[in-house]
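Chemist: Numbered according to this note's numbering, the sequence shown spans residues 162 to 295.
Note that the Cβ used here is the ideal one computed from N, Cα and C, for glycine as well.
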Amino acid sequence: MLMLSCESSTLRVLVVDDHELTRLTLQLAFSCQENIQVVGLASNGQEAIEMVKRYQPDVIVLDLQMPVMDGWSASSKIKAISPNTQILAYSSVEDANFLETKPVHSFDDFCKKDVPTTELISLVRQLGQRATDG
Numbered sequence: 162m163l164m165l166s167c168e169s170s171t172l173r174v175l176v177v178d179d180h181e182l183t184r185l186t187l188q189l190a191f192s193c194q195e196n197i198q199v200v201g202l203a204s205n206g207q208e209a210i211e212m213v214k215r216y217q218p219d220v221i222v223l224d225l226q227m228p229v230m231d232g233w234s235a236s237s238k239i240k241a242i243s244p245n246t247q248i249l250a251y252s253s254v255e256d257a258n259f260l261e262t263k264p265v266h267s268f269d270d271f272c273k274k275d276v277p278t279t280e281l282i283s284l285v286r287q288l289g290q291r292a293t294d295g
């Protein structure tokens, strides 16, 4: 059966970062985009897990270094409860060796915080496509 739809689905994004200015800036950047909705803002991994249960985002922009629960711990728990949710590790970590010492199997992609906003939005859209296809 062939199903046609004229309306494109809205990509649901959760932003997780312990810096309020980063959360609000990302919310503003995503909210200005067509077909992207920020469904929640979390300041640590524990809040992110609760929001995943509540809002079922397609993509999570997840900071790695946060208090209470970091991005590494949160990502594996999120994948356990929502395996199709795409997780973008979003970090200012400069030392590549530091990243190599941590498991990254729970992340679908990695993005440094100094990436241009247009690239970040494009990456989130790509991950969103994977989330809705898979």
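#1: Could you check the C-alpha separation between Asp-224 and Thr-171 for me, to the nearest Å?
#2: Thinking C-beta only, is Ala-241 closer than 7 Å to Gly-206?
#3: Can you list, in chain order, the residues of its chain with a C-beta nearer than 6 Å to that of Arg-173? Leave out the 5 residues immediately preceding and following it.
#4: Report the rounded CA-to-CA distance for Leu-182 versus Ile-210, giving the unit in angstroms.
#5: Look at the alpha carbon of Leu-288 and the alpha carbon of Asn-196, and state the distance between them as a whole number of angstroms.
#6: Excluding five sequence neighbours on each side, which residues of the same chain lie with their C-beta closer than 6 Å to the C-beta of Ala-203?
#7: Rounded to whole angstroms, what's the CA-CA distance from Phe-271 to Lys-214? Just pull it up for me.
Modeler: Reading off the structure:
#1: 23 Å
#2: no
#3: Gln-198, Val-200, Pro-218 and Asp-219
#4: 21 Å
#5: 14 Å
#6: Val-177, Ala-209 and Met-212
#7: 23 Å
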